[in-house]
Amino acid sequence: MVKNIKQLFPQIENKYKFILLLSKEFKIKPSSIRTNWFSTFYSVPDKHQKRVVQLLQNTIKNQNLISA
Numbered sequence: 124m125v126k127n128i129k130q131l132f133p134q135i136e137n138k139y140k141f142i143l144l145l146s147k148e149f150k151i152k153p154s155s156i157r158t159n160w161f162s163t164f165y166s167v168p169d170k171h172q173k174r175v176v177q178l179l180q181n182t183i184k185n186q187n188l189i190s191a
């Protein structure tokens, strides 16, 4: 799962907006998500990984639809 996150996150065009989305979804401060989840080690908590992958995939799909 972490491998998927590592591959998908760099494809997000507006990372700030995506982190705000995660912040609302999980009720965690954006700065905490950015620092702890998406820093060097991609330490997304196990209990949130599946949903994070879904949100990454949906966000990438939507940005591809907009740019197409």
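Numbering (our numbering), first residue to last: 124 to 191. Backbone N, C-alpha and C fix where the C-beta goes; we use that ideal spot for every residue, glycine too.
Beta-carbon spacing of Ala175, Leu145 below 8 Å: If you number the sequence shown from 1, residue 175 lands on position 52. If you number the sequence shown from 1, residue 145 lands on position 22. A small correction: the amino acid at residue 175 is Val; Ala does not occupy that position in the sequence shown. Yes.
Closest Cα partner of Ile151 within the set His171, Lys126, Leu179: Position 28 of the sequence shown, counting from 1, holds the residue named residue 151. The candidate whose alpha carbon is nearest that of Ile151 is His171.
Through-space distance from Lys138 to Ser166, alpha-carbon basis: As a working mapping, residue 166 is identified with position 43 in the sequence shown. As a working mapping, residue 138 is identified with position 15 in the sequence shown. Looking at the two C-alpha atoms, the distance is approximately 16 Å.
Straight-line gap, Asn159 to Ile189 (C-alpha atoms, nearest Å): Numbered from its first residue, the sequence shown carries residue 159 at position 36. Numbered from its first residue, the sequence shown carries residue 189 at position 66. So the two alpha carbons sit approximately 30 Å from each other.
N- and C-terminal bounds of the alpha helix (DSSP H) containing Tyr165: On the sequence shown, position 42 is the one that residue 165 refers to. Here Tyr165 belongs to no alpha helix (DSSP H), and DSSP marks it neither H nor E.
Assigned secondary structure, Glu148 (DSSP; H/G/I helix, E/B strand, else coil): Position 25 of the sequence shown holds residue 148. Helix.
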